[in-house]
Each structure stands twice: as structure tokens, then as C-alpha cells.
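Here the structure comes first, spelled out in C-alpha cells, and everything after it is commentary.
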Amino acid sequence: MRSAARPQPADPAQANDYDGFAEAYTAETENSLQNAYWARPAILALAGDVAGRRILDAGCGSGPLFAALRDRGAVVTGIDAGAEMLAMARRRLGDDADLHVVDLCDPLPFADGAFDDVVASLVLHYLEDWGPTLAEMRRVLRPGGRLIASVNHPFVEHLSQNPRHNYFATTSYTDEWTFDGRSFPVIFWRRSLHAMTDAFTSAGFRIAVISEPQLDPAARELFPDDFHDLSTKLSFLVFVVEVPPSAAS
């Protein structure tokens, strides 16, 4: 999916055209090793038994995680900034699926305490400032509610660059994603682990779990070469952070 080109400085005016690559991205990631056998299973494993829980899928894309949570008995609401992504999600999930076009940089259109959980799979690393987004996620969670969020591992981001960027600085870069011979620039924001944990606690969350997930063993037979290579390497970091049970609504 990604090109081998070295990441370049970000140009916000040219990047992150999610609707432009929605269909190709969905086809590429639907059953990919990184997404279907690493990132999504990590979220589902940490979510545990979700039957009857009200869950906001923040950055739901075309809906694969929404579908998996709903299949496990959760009552799911999905939001995404891409209208075409949501159109694909509706085709997958049905006309009755609760889906909304929402940019995570904006206030969320939900009442205080509306959800038991928020899941954000590989979403936060697209945002320069986590503060307003985390504050809104905390607001729509009930006391005792959870945010389960995965991001690109900051150590991988740091060690993969030559020359290496300042690990302690929050900086952006543009990666080129290639689908069907077309290149799409996508901006990421990298920050240190300390900056991530500070952002969660500053928003009023308490950190319950920091996970470095491993590949789903089911991928061993499907991707034997890649599984052997990647099973000993870092890729993602997953957080479970909680609203204190005594928090005011």
C-alpha cells in the first residue's frame, strides 16, 4: 500500500483525501495482515465482552471494526470525516446503521455520557493536537467508560527514519500511499510515548493498559513469510484509558 519513498514534510493542502482513496483503501486493508490480523484484533481483544455496551467507533472508515463489535452484541455508532468512507460503511452495515459524518477535530454531536466505550483504531496519529479530541471523547463517555485507541508505535516511527527526527518533538510527515498506480499523500503526526500519556491524563483519563500487540496467530498460515518476519517486531501501540468511576457527568 505504501510507497518505499522516504517520508517528506507535510503539505496540508495536498494530503489526506480520504474520499479519493476510500474504495481502494478498503479493498487493500479489508483482509490485510496489518489491519485484519494485527490492528483490529488488538482492539477487539482489549475490548473483551462488549455485549450490550454502547460503543462509539471514532474514525470507523468503511466499517470493519463496527461490524465486528456489532457481531459481538455491542450497540455501535460510527463516525468518520469521509463521506465516501461512510457510504461504503452503510453498504456493508445496512441502512439502519447509526453513522455520522464527523471530523474528530470538531465537537462530537452526542450527549454527555452517551457511550460506555470509544474505540479509535489507527486514528489519533492523523491529528496534530490530541487535546480537544480527547476532551470530547471523555465528555461522551460515562463515568467508568473506556477509550481504546491504537496508534503507530512511536519507537518504530523514530527508528525507521534516517536521519532520525527529534523523538521528543511532535512533528508531521507525509507518507505516500499507492493504490492502482496512483499516489495519495497522507499526513501523520508523530509524538513521544510521554506526550501520548500526558495527553490522556491531561484530558482526565487514567491509563489502564498500554499494549504492544502481536500478530493474530491465524495469520501464520495465510501470510507465512510476512508472519515470520513481523512476529518479532513492533508495529502498533494500543491504550486502554478510563474515565474515573467517580467522575461527574
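In terms of my numbering, the sequence shown is residues -2 to 246.
Just so it is clear, CB atoms sit at the ideal spot from N, CA and C, and this is done for glycine as well.
Judged by their CB atoms, W186 and E125 are nearer to each other than the 8 Å cut-off. Counting of Cβ neighbours within 10 angstroms places F165 among the exposed residues, the total staying below 16. With contacts defined by Cβ atoms closer than 8 Å, R50 and D93 do not form a contacting pair. In the three-state scheme derived from DSSP, where H, G and I count as helix and E and B as strand, R217 is classed as helix. Ranking T168, F18, P106, R188 by CA distance to the CA of L138 puts P106 first.
In this structure, the alpha-carbon of I145 lies about 23 Å from that of R87. S118 places its beta carbon less than 8 Å from that of I40. In this structure, the straight-line span from the alpha carbon of A48 to that of H162 is close to 43 Å. 8 Å or more divides the Cβ of V72 from the Cβ of G142.
The beta carbon of L66 is closer than 8 Å to those of L41, A44, V47, I52, D54, V73, V116 in its chain, skipping five residues each way along the sequence. Under the three-state reduction of DSSP, D177 is assigned to coil, being neither helix nor strand. For E154, the uninterrupted alpha helix (DSSP H) run begins and ends at 151 to 156, by DSSP. The beta carbons of I76 and C57 sit about 6 Å from each other, so the pair counts as a contact at 8 Å.
Membership of G128 in the alpha helix (DSSP H) is indicated by the continuous run 128 to 137. If you draw a straight line from the Cα of A64 to the Cα of D213, it comes to about 18 Å. Per DSSP, the beta-bridge partners of T168 are R187. Checking the DSSP bridge columns, you'll see A55 partnered with I76. Contact annotation: L62 and R37 have beta-carbon atoms nearer than 8 Å. Following the DSSP letters along the chain, one finds R67 inside the alpha helix (DSSP H) bounded by residues 61 to 68.
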